[in-house]
Amino acid sequence: MEITQRKQDHIDLCLREDVASRERNFWDEIHLPHCACPDLSLQEIDLETHFLGNTYLAPILISSMTGGTPRGREINLRLAALSARESIPMGVGSQRVALERPELENDFRMLKTHHPAARLWANLGLVQLNYGVNADHVQRLCDMIEAEALILHLNALQECLQPGGDTNFRSLLPKFAELRRSLNLPIIIKETGSGIDVRTAQRFVEAGADAIDVAGLGGTHWGYIEGRRNPEHKDLAETFRNWGIPTPQALSEIRSALPDTPIIASGGVRHGLDVAKALALGARLAGLAKPFLVAADAGDEALENFNRSLKHALKTALFCANIPAARAATSTMEASQP
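Numbering follows our numbering, in which position 224 of the sequence shown is assigned residue number 236; successive positions increment by one, without gaps.
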């Protein structure tokens, strides 16, 4: 199936169907300590965050989700405008489509052309290094959007369930290490809804990864989405719908094993309270995809309202836990898990 049709299917499934894991949302099991009399003013809480040499005005990532279709282009332009206004990072959808269909490069280039202040991160599946993609290709993708960082995503389950998926994951680590030596910008290793285990995180950090996005179980499950698209694998989609490591678990385990490595928590993050919980468990940023996608698809006003609510809920959680700044949350806030 043509890659652009696959991208459109992704948008349609995410917007029209329940594509999350069937497990409970694991963020509901995390509890923050309440302070009955915080020594703060809500209006003075500072969300400014430093991450991989950049300063962002909130610890929020617009996670990678779409691109390469007319509808995806419209959604991405709205998200890029938000990134520019709010000075928060935005991961673009996989840019593989721009390598396979060069005429679609402008779908990505126009994000920066229309919104020069957008804080964009490039994105590509790491497995593509086994399918003809080299360092020059990756550099071109980064230059295409003037990227501040590069996301390389791991999606083994997704590729297994995808029609014609790229399932040769052999020897990717040395190829990643070689790519790392040739690129002069931060690289983030990310999953796509099944979470990253500690050993994998350690190996990639040792090979030069600058940060880990755990992208765990609990939210949109890309393995399930690909299985839903494949008539031959719909039974497998249900079988593996709960496959993966819950996001809070992956975050806590990697934080313990790699205390000096910046971690992004994505996977099931719904609102500002979940963002605060992620910070409490040690994340430097929290990523949201479907909530931003739904809001952006509804229009500029809906997106602005969602972003306002997201930040207000985050500030409220920090205020009620007596935390004056988001960047201090990982060192001063404690969360409990049952």
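Just so it is clear, CB atoms sit at the ideal spot from N, CA and C, and this is done for glycine as well.
For residue i, does the three-state DSSP call read helix, strand or coil?
i: Asp-178; result: coil
i: Asn-317; result: helix
i: Leu-138; result: helix
i: Thr-61; result: strand
i: Pro-258; result: strand
i: Gly-231; result: coil
i: Met-13; result: At Met-13, the pLDDT of 43 sits below 50, so the modelled position is not reliable and the matter cannot be decided from this model.
i: Thr-67; result: strand
i: Ser-53; result: coil
i: Ser-194; result: helix
i: Ser-95; result: helix
i: Ala-333; result: coil
i: Ala-277; result: strand
i: Asp-155; result: helix
i: Gly-282; result: Inspection of the sequence shows that residue 282 is occupied by Arg rather than by Gly. Residue state, collapsed to three classes: coil.
i: Arg-240; result: helix
i: Asp-209; result: coil
i: Thr-251; result: helix
i: Ala-219; result: coil
What separation, rounded to the nearest whole angstrom, lies between the Cα atoms of residue i and residue j?
i: His-43; j: His-283; result: 15 Å
i: Met-13; j: Arg-113; result: Any answer about Met-13 is weak, because its pLDDT of 43 lies below 50 and its placement is not dependable; what the coordinates show is given next. Taking the straight line from one Cα to the other gives about 14 Å.
i: Phe-331; j: Pro-45; result: 11 Å
i: Ser-76; j: Leu-162; result: 11 Å
i: Thr-67; j: Asp-178; result: 36 Å
i: Ala-338; j: Asp-58; result: 6 Å
i: Ala-340; j: Ala-70; result: 12 Å
i: Leu-322; j: Cys-47; result: 21 Å
i: Ser-348; j: Pro-243; result: 42 Å
i: Ile-335; j: Asp-312; result: 31 Å
i: Leu-54; j: Val-287; result: 17 Å
i: Leu-94; j: His-324; result: 16 Å
i: Ala-295; j: Leu-248; result: 32 Å
i: Arg-215; j: Leu-185; result: 8 Å
i: Arg-131; j: Arg-36; result: 33 Å
On the DSSP bridge assignment, give the partners of residue i in chain order.
i: Met-102; result: Ile-74 and Leu-132
i: Lys-202; result: His-165 and Asp-225
i: Leu-300; result: Ile-74
i: Ser-268; result: Per DSSP, none; premise fails for Ser-268.
i: Ser-348; result: His-43
Taking residue i and residue j to be in contact with their CB atoms under 8 Å, please state how far apart those CB atoms are, rounded to whole angstroms.
i: Thr-1; j: Leu-297; result: The question about residue 1 has no answer here: the residues shown for the chain are numbered 13 through 350.
i: Leu-138; j: Leu-166; result: 6 Å
i: Gln-107; j: Ala-147; result: Incorrect: roughly 14 Å between the Cβ atoms, too far for contact.
i: Asp-222; j: Ile-199; result: 5 Å
i: Ala-269; j: Gly-220; result: Between Gly-220 and Ala-269 the Cβ distance is about 17 Å, and since that is not below 8 Å, they are no contact.
Under 7 Å from any heavy atom of the ligand COA, does the C-beta of residue i make it?
i: Gly-144; result: For the structure depicted, the ligand COA is absent and the ligand set is empty, with no information on it obtainable.
With three or more beta-carbon pairs closer than 8 Å as the criterion, would you say the stretch 270-281 touches the stretch 223-232? yes
Indicate whether the contact test is met: 3 or more Cβ pairs, each with one atom in the stretch 99-107 and one in the stretch 232-251, closer than 8 Å. They do not touch, by the three-pair rule.
Could you tell me whether the stretch 151-161 touches the stretch 113-126, where touching means 3 or more Cβ pairs closer than 8 Å? Because the criterion of three Cβ pairs below 8 Å is met, the stretch 151-161 and the stretch 113-126 touch.
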